[in-house]
Structure formats: structure tokens, C-alpha cells
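Line by line, the protein sequences are chains A and B.
Here the first sequence is numbered in the working numbering, starting from 1 and rising by one per residue.
Here the second sequence is numbered in the working numbering, starting from 191 and rising by one per residue.
Note that beta-carbon positions come from the ideal geometry of N, C-alpha and C, so glycine has one too.
Read the structure below first, then the notes.
Protein chains: 2
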Amino acid sequence: MKEQIKTYFNRYVTFEDSEIDAIYSKLEEKTFRKKEFLLTENSICRYNFFIVKGVVRLFYLDAKGHEKITQFAIDNWWITHMESFIQQIPSTQYLQAIEDTTVLCLSKSNLETLYKTYPKLERMFRLITENMLIANLRKSDIYLQMKSKERYSFFVEKLPGFAQRVPQYMIASYLEITPEYLSELRRQRI
Amino acid sequence: MKEQIKTYFNRYVTFEDSEIDAIYSKLEEKTFRKKEFLLTENSICRYNFFIVKGVVRLFYLDAKGHEKITQFAIDNWWITHMESFIQQIPSTQYLQAIEDTTVLCLSKSNLETLYKTYPKLERMFRLITENMLIANLRKSDIYLQMKSKERYSFFVEKLPGFAQRVPQYMIASYLEITPEYLSELRRQRI
DNA sequence: AGTCTTTCTTAAGATATCTTAATTTTTAGG
DNA sequence: CCTAAAAATTAAGATATCTTAAGAAAGACT
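Okay, structure coming up:
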């Protein structure tokens, strides 16, 4: 598992093995069964989660009590409820495992301490955050340009891993359409 | 103008005056007349722009040649086409002044150099990028939950400065609705 | 294998939003 | 001030998407 972290970290910034060791020692391994929650509404998100293996979704409940999925994450992604984690305020969303999932948990306080000792880590997260922002802006653009049908094709094409590992009604939620309508779109496409 | 920068920077990280001077010396002042472009499609965005005074919009042309606005920025905001600036690839969007605007331009290469000398600056931009990401995620959530009518009320309420300084058809574009439909919504609301 | 739960499909009617095109109002430049 | 250009409004018809409700299919657990 430390190897996986090392490989991942060195994609962004070159770290010494000793640095990796020090940072790694601040990560806490946890496993969650399918459907278990990593975070629930109203609690403060204390961790940024690095997914070693598994699938996790971030979602909230709308006024009618329907789940609205805003993010998915799989192996080698970080996931957290940003607003809650960064500002240490109660979360409006849930984090839940879709499959059995192993994560490494990086707490806010450990992260702040590590930033002071390892400016490289700050650089890594600056770069990761930039990438997340770009991905998010791009997602908004795509949703702005495309009708639902195209969004679905796009999703299936660009994120081939996901369509298999995630039930269709969750994809519908992420694509911001109803499962019924997605079903109809899929029928039309044949 | 240096005072404005100093005040702004110190909101995020405490800098020495000498540090502010050094960073400030790498910023290039420019002014743009209303409707002038800071960046056009297909060119590489070399700068992150700090708006000293004015209003700027970021937009692209959709398949039908209609302008789709993805961001506004006013005094004391940074704006750039993230994807183009960070990755130094051709931009898919335009940056244009809506009013006469004064900006301070920070080039990608100057920024990289400054990061090496001043880790504090890296921290500041890490924090700014986190805030931008949170704002963007929140925007997506809002658009997901709200119908057009609520989005308009929300925009008017939360960004009171903007509704005055930006023409209505641009607000419509930002809200992802047609100007005709926005007009109808406004009528209904009385 | 059998039952309970979860997921997916189908269809009819309702609604939000867009399209087009014409008209009115406001703003900017000589 | 006057006129041309830009922006906002109005209305009718078209379309995408949702809602509700029911039934079919697939998966999970004894």
C-alpha cells in the first residue's frame, strides 16, 4: 500500500523515501463495507480520503428526499466533502461506499502540520486542487452544452470503468436526469 | 495599487513588505476598454489577471455561435481560463472586459519562479484555488437543485453588485437560460 | 431453488424551457 | 438632440424532461 502512495505522490512532485515514510505514517487505513457511510450529513468531515481500492459516491438529499450524486471516486482518487473538510463546518452531503472499499484517511490537522514541514506536499495539493478545479469547470461546460443523451454517451465513453461498477440509477443521478428518462434514452439509442 | 494588492494578499497569508514588493514587481499593469478582449479562443492564456477595477467575463461560443458565459469577475478577483493557463494549451474561451477595466497580469513563468522563492505564495494560491473549487462545486449544486426562477433570485440576492453592472442577457447566459425566458420569469415575479 | 429487495423499463400526462420572430425600450455616438 | 445599435419584452408553438404509477427483471440472502 505504501508503494501505491509513493507512485501516486511522485506523479506530482519528487519525494525522498524518508518523506514518503513520514507522510505515510500520518495516514490511517480504514475499510468500509458496501453501503457503509464514510461521512453523514451534519457531521464535520475530518478527513480527506485516498481510495486505495473501491468506489465511493458523494451525494445529498434534495427537498423531496431524493439522492443527488455530485461525485464518484475510484482507486487512486481523493474524495471528501470539500466545503466541510476545508472549512471544518457541518457537511451537507453524504459519503458512501458503493463497493467494499479501502481508504487511507488524512486528517485536517495532520495535513496542516505536514504542510508546515513539507512544502512539497503543499505543492502537490495545490496541483491536485488545480486539476480538480479544471475537471469541475469542464464538467459544468459539458453539462451546459450537452443534452442528456449526449451526456450519457460522454459518460460511458470517457469513464469506462464507472458504467460497469455503478448502478444505472446512480449514473442518472450524476447526469442530472431521472432514471426513467435515462432508461428511455438508452432504448432510443439502439 | 500596491496597497490594494498588499491588503488582498494579507487576507490569506502574512507577507513582509519586502516580499510584497518583490512579488508586485513581477505584476504588469494593463487597462482594457469596454468590449476589449484579454484573451481570445485558440491562443494560449499567458496570464492570471487580478482585477484592480472593472468587470470581466469568460465565455465560449457554442455550436450555434451563441455566447455562453461561464464566469464573471469584478474588483479584487482573479480571473483566467484555468485550463489554458495551467496547462499552457490553446484556450477554448474568451476573456472580455464588460466595463473599462484595469488589471495586474501575472504570467505563468513569473508565477512558477515566484513559487520557488516564496512558498507563502504557493500557500496563498493553494487556498485561493480551494476557495474557487468550493465556489464552483457549490454553483453546480445550486444549478442542480434550483429551477431557473430560483437561480435568478439567488443570483440577484447573493451577488448584488453584478445585477447592476452586467446586462440582463449576460446574466441569462450565466444562469443557463435564454434571455427571452428570463424576461418572462421577471415578469411573473411581480 | 425461493422469496424479498433492489434495479430497470414502459407509458401517459404534466410542466419547464426553448425557438422564432416581431415589437418596444434603452443606450451610445455624432 | 437624433439616429443607429444594443438590449429587453411579448407571444405562439415546439420540445425536452419530469412525474406518477405499475410491472418486469435481476440480484441477494436464507
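| Query | Result |
| --- | --- |
| For Asn321 of chain B and Phe275 of chain B, believed in contact at Cβ under 8 Å, the rounded distance | Between Asn321 of chain B and Phe275 of chain B the Cβ distance is about 17 Å, and since that is not below 8 Å, they are no contact. |
| Contacts that Pro119 of chain A makes with chain B (C-beta to C-beta distance below 8 Å) | Pro309, Glu312 |
| DSSP-derived helix/strand/coil call for Ile190 of chain A | Residue placement at Ile190 of chain A is flagged as unreliable, the pLDDT there being 44, under the threshold of 50; the coordinate-derived value follows with that caveat. Ile190 of chain A falls in the coil class under three-state DSSP. |
| Boundaries of the alpha helix (DSSP H) in which Tyr118 of chain A is found, first to last residue | From DSSP, Tyr118 of chain A is part of no alpha helix (DSSP H); its letter is neither H nor E. |
| Nearest residue (CA-CA) to Gly65 of chain A, options A:Ser173, A:Glu184, A:Asp141, A:Tyr181 | A:Ser173 |
| contact_flag[the region 23-31 of chain A, the region 65-85 of chain A] where n(CB pairs < 8 Å) is 3 or more | no |
| Chain A contact residues for Gln335 of chain B, given Cβ-Cβ distances below 9 Å | Tyr60, Asp62, Ala63, Lys68 |
| Chain B contact residues for Arg126 of chain A, given Cβ-Cβ distances below 7 Å | Glu312, Phe315, Arg316, Thr319 |
| C-beta contact flag for Ser91 of chain A and Leu39 of chain A at 8 Å | yes |
| Nearest neighbour of Lys192 of chain B, chosen from B:Ser208, B:Pro309, B:Ile361 [CA to CA] | B:Ser208 |
| Minimum Cβ-Cβ distance from Glu83 of chain A to chain B less than 8 Å | yes |
| Between the CA atoms of Lys34 of chain A and Glu257 of chain B - distance to the nearest angstrom | 44 Å |
| Interface residues of chain A facing Asn326 of chain B [CB-CB closer than 8 Å] | Leu133, Asn136, Leu137, Ser140 |
| Test: Ile86 of chain A CB closer than 8 Å to a CB of chain B | yes |
| Rounded C-alpha distance that separates Ile98 of chain A from Glu374 of chain B | 43 Å |
| Residue from A:Arg187, A:Gly54, A:Thr129 with nearest C-alpha to Lys30 of chain A | A:Gly54 |
| Per-residue contacts from Glu366 of chain B into chain A (C-beta, under 8 Å) | Leu144 |
| Other residues of its chain near Phe249 of chain B: CB distance less than 8 Å, five sequence neighbours each side excluded | Glu257, Lys258, Ile259, Thr260, Gln283, Tyr284, Gln286, Ser363 |
| Spatial neighbours of Val356 of chain B in its chain, beta-carbon cut-off 7 Å, leaving aside the 5 residues before and after | Val245, Phe262, Ile288 |
| Residue burial classification, Arg186 of chain A (beta-carbon count within 10 angstroms, cutoff 16) | exposed |
| Three-state class that DSSP yields for Asn238 of chain B in the structure shown | strand |
| Under 8 Å between C-beta atoms of Leu327 of chain B and Met82 of chain A | yes |
| Span separating the alpha-carbon of Phe205 of chain B from that of Gly351 of chain B | 30 Å |
| Nearest-angstrom Cα separation, counted from Cys235 of chain B out to Leu301 of chain B | 13 Å |
| Simplified DSSP assignment, three categories, for Thr92 of chain A | coil |
| Contact under 8 Å by Cβ, Phe50 of chain A with Leu127 of chain A | no |
| C-alpha gap between Leu365 of chain B and Lys158 of chain A, whole angstroms | 26 Å |
| Thr303 of chain B burial status per 10 Å Cβ neighbour count (16 or more: buried) | exposed |
| Reference Leu251 of chain B; option with closest CA among B:Glu231, B:Gln378, B:Gln277 | B:Glu231 |
| Those residues which DSSP pairs with Glu67 of chain A across a bridge | A:Leu61 |
| Coarse secondary structure for Ser43 of chain A, derived from DSSP in three states | coil |
| Three-state secondary structure (DSSP) of Lys337 of chain B | coil |
| First through last residue of the beta strand (DSSP E) which encompasses Lys31 of chain A | Note on residue identity: the sequence assigns Thr, not Lys, to residue 31 of chain A. Start and end: 28-32. |
| Identity of the residue in B:Ser233, B:Arg341, B:Met336 nearest Ala63 of chain A by Cα | B:Met336 |
| Contacts around Phe9 of chain A, its chain only, beta-carbon distance under 8 Å, and the 5 residues preceding and following it disregarded | Phe15, Ile20, Ile23, Met124 |
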